[in-house]
Amino acid sequence: MSGVLVDTCVWSLALRGNAPKEVAVAEQLSQLIDENQVRIIGPIRQELLSGYTDKNSFERLRQKIQYFPNEAITDGDYESAAEYSNFCRSKGVQGSHTDFLICAVSIRANFRIYTTDKDFQHYSKHLPISLL
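The opening position of the sequence shown corresponds to residue 30 in the working numbering, with each subsequent residue numbered one higher.
Written out as structure tokens, the structure reads:
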């Protein structure tokens, strides 16, 4: 595997970092950052930044995550995401467009996915994704 695509929920937990689960997630993310394994895509960056109405907080977060360049999303990724969504739905598994885009990019780029979203466990039964 050539990197780890970090989902929005992990970033959110790590940024809060107070409860034991949040601390554990933050430590794992910190290790991945130290190992230069962290990858991000534009939709995740947008979701993270959309949670801040205070301009100063927004700017601080924007500066922090600016360190991580966006993994390019191709037309094929969008098409694959739609295909994965349709396939999983035919198996009784539903998910968001962003979730399936994360799956598509991770499959194409050979990334693992770091998430606390249990939906990805369901996707992994039908798609060749690797969860951290």
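Virtual Cβ for every residue (Gly too), placed ideally from N, Cα, C.
No experiment lies behind these values; they were computed from the predicted model shown.
- Here Y81 is not bridged, per DSSP, to any residue.
- Residue environment for G124: buried (at least 16 other C-beta atoms within 10 angstroms of its C-beta).
- Within the region 73-127, complete alpha helix (DSSP H) segments of at least 4 residues are found at 84-94, 104-119, given in chain order.
- Comparing alpha-carbon positions, the option among R89, R118, L130 lying closest to H155 turns out to be R118.
- Residue pairing of R141 in beta bridges, as defined by DSSP: V33, S159.
- In the structure shown, the three-state DSSP call for I136 is helix.
- The residues V54, A55, L58, in chain order, have a CB closer than 6 Å to that of A43 in the same chain once the five nearest residues on each side in sequence are set aside.
- Here I102 really is in contact with G71; their C-beta atoms are around 7 Å apart, less than 8 Å.
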